[in-house]
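**Student:** In my numbering, the protein residues as written are 1339 to 1517.
Glycine included, C-beta positions come from ideal geometry on N, C-alpha and C.
A single structure is presented below for examination.
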Amino acid sequence: MPMALSATIYKANISLSNLSHNHYEDYSLTMAMHPSENEQRMMKRLLCFLLNASENLEFTRGLSTTEEPEIWERSLTGEILHWIEMGEPTLKRIKQAQGKARQVSVYTFNTNTYQEWFEKLKAKLSFKNLAIYYISNESNIELDSLCKKSMQLSCTIEDDSMYLSSDDVMISLKVEKLK
């Protein structure tokens, strides 16, 4: 019987300055890259974490389970306060998340398909506890260029701009709230 592939572990020390929310913190994160995931996607998970950073925010089992989002924030009693999803989830998945969590955020990254995906869904969704964002890379540098097994990063967020950098690379991103 073939052996199952295991996740690859990455460590990230990040100095976060979120000027929009007056949140300044140093984070020491451990992330598992699932065998079916690439470095680019894992770095997108990191971006989503940083945009929502708080004391109880955590990565979930993600790709290995359909019952959990990529990232969530839970109360001490286990209630899901914030469900954070990536990509272009189905209407059914978004509605399930809305039923399970106080707040749901969806982050989409695909320049070629996000508008069509959003147009199909927006009339069918309630936005009372839902926010949808499109994140575009304003640099000609791919996110995975920052990825190392052990990363030292700095992140600054102000309004709709996000800057993620290491000692030798800086990436500029735009965060557009669709709804």
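(1) Would you mind working out which of K1430, K1460 and S1353 sits nearest L1389, comparing C-alpha positions?
(2) Count Cβ pairs between the region 1343–1351 and the region 1486–1495 that sit closer than 8 Å; are there 3 or more?
(3) Report yes if the CB atom of A1391 is closer than 8 Å to the CB atom of H1420, and no otherwise.
(4) Look at the Cβ atom of I1422, then the Cβ atom of I1409, and state whether they are nearer than 8 Å.
(5) Can you tell me where the beta strand (DSSP E) holding R1431 begins and where it ends?
(6) Looking only at DSSP bridge pairs, what is A1370 linked to?
(7) Between which two residues does the beta strand (DSSP E) harbouring F1397 extend?
(8) Report yes if the C-beta distance between S1474 and K1512 is below 8 Å; otherwise report no.
(9) Need the endpoints of the beta strand (DSSP E) that L1511 sits in, please.
(10) Give me the Cβ distance between S1477 and S1510, rounded to the nearest whole Å; I'm assuming they're in contact under 8 Å.
(11) When DSSP labels each residue in this structure, what does L1357 get in the three-state scheme?
(12) Return the first residue and the last residue of the beta strand (DSSP E) that C1386 is part of.
(13) Exposed or buried, which one is P1427 when buried takes at least 16 other CB atoms within 10 Å?
(14) Considering E1423, what are the terminal residues of the beta strand (DSSP E) in which it resides?
(15) May I ask you to list the residues that DSSP assigns as paired with Y1472?
(16) Within the same chain, show all residues whose beta-carbon is closer than 6 Å to that of F1456, passing over the 5 residues directly before and after it, in chain order.
(17) Using 8 Å as the threshold, is the C-beta distance between I1495 and S1366 below it?
**Tutor:** Inspection of the coordinates gives the following:
(1) On the sequence shown, position 51 is the one that residue 1389 refers to. Per the Cα distances, S1353.
(2) In this structure the region 1343–1351 touches the region 1486–1495; the number of beta carbon pairs closer than 8 Å is three or more.
(3) Here the question's residue 1391 lines up with position 53 in the sequence shown. Here the question's residue 1420 lines up with position 82 in the sequence shown. Taking the C-beta atoms as reference points, H1420 is found no nearer than 8 Å to A1391.
(4) For the purposes of this step, residue 1422 is taken as residue 84 along the sequence shown, with counting starting at 1. For the purposes of this step, residue 1409 is taken as residue 71 along the sequence shown, with counting starting at 1. Yes, the pair counts as a contact, with Cβ atoms nearer than the cut-off.
(5) Against the sequence shown, residue 1431 aligns to sequence position 93. Looking at the DSSP string, R1431 is not in any beta strand (DSSP E); the run it does join, the alpha helix (DSSP H), is L1429 to K1438.
(6) Reading the sequence shown from its first residue, position 32 is the one you call residue 1370. As a beta-bridge residue in DSSP terms, A1370 pairs with I1347.
(7) As a first step, residue 1397 must be located in the sequence shown, where it is residue number 59. Its beta strand (DSSP E) spans residues L1395 to F1397.
(8) The count along the sequence shown starts at 1 and reaches residue 1474 at position 136. The count along the sequence shown starts at 1 and reaches residue 1512 at position 174. Between S1474 and K1512, the C-beta spacing is below 8 Å.
(9) The residue labelled residue 1511 in the question sits at position 173 within the sequence shown. Segment M1508 to K1515, the beta strand (DSSP E) holding L1511.
(10) Reading the sequence shown from its first residue, position 139 is the one you call residue 1477. Reading the sequence shown from its first residue, position 172 is the one you call residue 1510. Contact holds; Cβ gap of about 5 Å.
(11) Residue numbering aside, residue 1357 sits at position 19 when the sequence shown is read from its first letter. Residue state, collapsed to three classes: coil.
(12) Along the sequence shown, one-based indexing puts residue 1386 at 48. Counting along the chain, no beta strand (DSSP E) covers C1386; the unbroken alpha helix (DSSP H) around it starts and ends at E1377 to L1389.
(13) Residue mapping note: residue 1427 aligns to position 89 of the sequence shown, counting from 1. Residue environment for P1427: buried (at least 16 other C-beta atoms within 10 angstroms of its C-beta).
(14) Sequence index remark: in the sequence shown, residue 1423 carries index 85 (1-based). Per DSSP, E1423 belongs to the beta strand (DSSP E) from I1418 to M1424.
(15) Translated into the one-based positions of the sequence shown, residue 1472 becomes position 134. Answer is T1446 and E1514, bridged to Y1472.
(16) Locating residue 1456 in the sequence shown gives position 118, counting from the first residue. Result list for F1456: L1516, in chain order.
(17) Counting from one through the sequence shown, the residue named residue 1495 turns up at place 157. Counting from one through the sequence shown, the residue named residue 1366 turns up at place 28. No, these two residues do not count as a Cβ contact at 8 Å.
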